[in-house]
Amino acid sequence: MSLGMRYRWVVLAGCVLAYATSHLTRWSYTGFAVYISADLHLDKAALGLLGAAFFYPYALAQVPWGRLTDRVGGRYVISLGVVGVAALLGLFATARTLGEAVGWRVGIGVLAACGFVPIAGLLARWFEPPERGVANGVYYGLGGGLGEGAAFLLLPVIGIYFLNRSDLATPDWRGAMIVMAVCIGAIGILCCLLLRSAPEAGLRLAASDPGPQARGVERRDMLSDPILWLLGLYFAAGIVALRLIPGWLTIYAADLYRLQWGYGQEAALTAGGLIGGLYVLGHVAGSPIVGRLSDRLLKHGVNRVAVAAIGLVVSMLGFGLLAGPIPSPWALGGLALVIGVALHAFPLINAAAAERWGVRRAGESLGWINMVGQLAGAVSLSLSGYVGMSFASRSGDPLAEYAGIWYLGAASCAVGALAGWVAHRRMQARPPC
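Here the sequence shown stands for residues 4 to 436, where the numbers follow the numbering used here.
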């Protein structure tokens with residue numbers, strides 16, 4: 004194997020770092036949720052809207068970033084996007100009202116969309132089908148885990164440090180956010196140095212790819228393929244669940260520790276971060292393992308989409324258990340770990356899209372799929388706070404508001420599993436164009 008092709012592992016490492024910044028960015032406000040809500044006078048519904056302000060533009064930017072990556076390659080698309088996100092995060096730290104915070108989050112969402120789809124398109128050019136499952140699992144699992152772990156575990160600690168240091172110029176969550184922005188900017192520069200848009204042999208992998216070559220016909224065939232939209236529905240349902248877990252799990256766990264198990268405010272916040280860390284551990288370990296399993300099963304004729312659909316079935320059961328009484332912190336931690344593994348099987352769709360519609364359309368095809376999913380996720384996150392509040396108003400129990408959120412997650416997983424299974428059956432009946 005040539006030195007150029009061995010460099011794919013360096014490219015994968017760069018993609019891990021880039022995707023870590025994407026996850027850290029999208030959930031940066033959750034690590035400081037208690038302090039931001041107190042500072043800006045936000046309730047849970049407003050926190051949900053603050054999260055959704057990121058995801059609506061993030062969703063709409065998927066296809067443009069995917070098409071740009073297909074045309075010019077992923078190196079500069081990814082690295083310049085990460086640097087731009089860092090700059091806007093620094094500006095987010097200056098927000099004094101909900102309106103200002105939402106405005107900066109909108110801009111961050113547009114630039115942060117340079118992560119998922121461009122990375123998947125870049126890796127499709129470097130990794131052939133026998134390795135695409137594990138490559139997508141590694142960047143998504145390790146990169147997402149690093150980013151979420153920092154958001155759940157590191158940011159609360161940094162925030163507490165800044166709150167307890169009155170001698171600093173910005174002794175609150177704002178100073179911690181600026182520190183995070185500087186770190187993300189440094190990673191963006193490193194990505195520019197590490198990443199390459201394609202192997203040194205040009206588009207050797209793309210040239211040997213079985214996907215159709217005629218640009219106009221290819222796009223029409225792709226957009227008229229029902230499987231594209233079934234996978235979009237799968238993504239939509241799965242991302243609804245994905246938005247609910249990181250957005251609410253640590254907040255729910257902190258309230259559970261404080262109200263049910265008698266922890267103090269700071270201790271409950273730290274313990275909630277640890278529960279989020281267990282979910283992240285499942286994410287980090289589960290995605291590469293599931294990806295490797297999919298690569299092996301593919302050799303025996305088992306479609307990647309079938310494996311992804313099974314992951315949503317397990318996740319549906321996990322959400323149902325979260326909606327019920329939690330007997331102990333150990334039970335909550337174990338449940339978070341299992342959901343972390345099962346819910347993160349969907350990067351297999353990245354590989355499935357490249358293998359069905361070709362490497363040269365990997366960015367655009369996944370852009371359409373992910374756009375549908377991200378829009379659904381944004382809507383669910385913005386409504387989740389209201390759903391939860393309606394449950395709380397009926398029972399009078401402050402923890403009951405979370406039951407509605409978890410039931411929404413379970414229902415979305417059921418829809419996604421069904422869509423994935425139908426797509427799997429159609430892919431068996433209709434092989435790639």
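C-beta: ideal position from N, C-alpha, C; glycine also.
Start and end residues, alpha helix (DSSP H) containing residue i
| i | result |
| --- | --- |
| ARG11 | 11–29 |
| ARG359 | 351–360 |
| TRP333 | 332–345 |
| PRO328 | Premise fails: PRO328 is in no alpha helix (DSSP H) and is neither H nor E. |
| ASP73 | 65–75 |
| TYR266 | It is not in any alpha helix (DSSP H) - TYR266 carries neither H nor E in the DSSP assignment. |
| VAL120 | 119–129 |
| PRO132 | 132–141 |
| SER415 | 404–432 |
| TRP109 | First, the amino acid is wrong: residue 109 is Val here, not Trp. Element bounds for VAL109: 101–115. |
| VAL185 | 176–197 |
| SER40 | 36–43 |
| LEU157 | It is not in any alpha helix (DSSP H) - LEU157 carries neither H nor E in the DSSP assignment. |
| LEU145 | Premise fails: LEU145 is in no alpha helix (DSSP H) and is neither H nor E. |
Spatially closest choice to residue i from the options, by CA coordinates
| i | options | result |
| --- | --- | --- |
| TYR237 | GLY275, LEU346 and LEU126 | LEU346 |
| VAL308 | HIS26, ALA56, THR253 and GLY419 | GLY419 |
| TYR143 | VAL317, ASP46 and ILE122 | ILE122 |
| GLY361 | LEU259, ASP224 and TYR255 | ASP224 |
| ILE248 | ALA48, TRP12, ILE408 and ASP42 | ILE408 |
| ALA240 | GLY118, ALA21, ALA413 and PHE57 | ALA413 |
| LEU158 | TRP232, THR28, LEU71 and GLY102 | THR28 |
| PHE95 | PRO133, THR253, ARG177 and PRO332 | ARG177 |
| CYS416 | LEU378, ILE342 and MET374 | ILE342 |
| GLY106 | PHE58, SER290 and LEU126 | PHE58 |
| PRO202 | ARG261, TRP129 and VAL85 | TRP129 |
| LEU114 | ALA90, ALA98, GLU358 and VAL375 | ALA90 |
| SER331 | GLN377, MET374 and ARG261 | ARG261 |
| GLY276 | ALA64, PHE35 and VAL182 | PHE35 |
| PRO291 | SER318, LEU351 and LYS302 | LEU351 |
| GLY376 | TRP232, SER40 and CYS195 | TRP232 |
CB-CB length for residue i against residue j, believed under 8 angstroms
| i | j | result |
| --- | --- | --- |
| ALA23 | GLY146 | 5 angstroms |
| LEU300 | LEU340 | Actually they are not in contact, since the Cβ atoms of LEU300 and LEU340 sit about 23 angstroms apart, beyond 8 angstroms. |
| THR100 | LEU43 | 7 angstroms |
| ALA354 | ARG135 | 4 angstroms |
| ALA3 | TYR61 | What is shown of the chain runs 4 to 436, which leaves residue 3 out entirely. |
| VAL120 | LEU369 | 5 angstroms |
Under 8 angstroms between C-beta atoms of residue i and residue j
| i | j | result |
| --- | --- | --- |
| ILE278 | LEU324 | no |
| TRP371 | VAL66 | yes |
| GLY321 | LEU338 | yes |
| GLY124 | GLY327 | no |
| LEU193 | LEU20 | yes |
| GLY423 | LEU245 | no |
| ALA288 | PHE349 | no |
| LEU198 | ARG78 | yes |
| GLY152 | VAL305 | no |
| VAL344 | GLY285 | yes |
| ALA179 | PHE165 | yes |
| ILE230 | ARG428 | no |
| ILE329 | LEU259 | yes |
| GLU404 | PRO132 | no |
| MET374 | LEU53 | no |
| HIS48 | ARG108 | This sequence places Ala at residue 48; His is not what is there. Going by C-beta atoms, ALA48 is not nearer than 8 angstroms to ARG108. |
Distance, residue j Cα to residue i Cα
| i | j | result |
| --- | --- | --- |
| GLY17 | TYR38 | 32 angstroms |
| LEU234 | TYR266 | 43 angstroms |
| LEU272 | LEU45 | 17 angstroms |
| GLN431 | GLY140 | 23 angstroms |
| SER82 | GLY69 | 15 angstroms |
| ILE254 | ILE163 | 16 angstroms |
| GLU269 | VAL160 | 10 angstroms |
| ILE111 | ALA154 | 16 angstroms |
| HIS26 | SER227 | 32 angstroms |
| TRP333 | LEU252 | 15 angstroms |
| LEU50 | LEU92 | 17 angstroms |
| ASP298 | VAL137 | 7 angstroms |
| GLY205 | THR72 | Note on GLY205: pLDDT 47, under 50, position unreliable in the model; no value is reported. |
| PRO213 | ALA379 | With a pLDDT of only 48 at PRO213, under the threshold of 50, the placement of this residue in the model should not be trusted; the figure read from the coordinates follows. If I take the Cα positions, the gap works out to 31 angstroms. |
| ALA426 | LEU15 | 28 angstroms |
| SER200 | VAL382 | 33 angstroms |
| THR97 | GLU103 | 9 angstroms |
| LEU156 | ALA274 | 9 angstroms |
| VAL317 | ARG222 | 34 angstroms |
| LEU196 | VAL86 | 13 angstroms |
| TRP30 | ARG9 | 33 angstroms |
| ALA406 | MET319 | 14 angstroms |
| TRP264 | GLY118 | 39 angstroms |
| ASP175 | VAL75 | 41 angstroms |
| ALA356 | ARG433 | 14 angstroms |
Proximity test, Cβ basis, 8 angstroms: residue i and chain D
| i | result |
| --- | --- |
| ALA127 | You won't find chain D in this structure, because it holds only one protein chain. |
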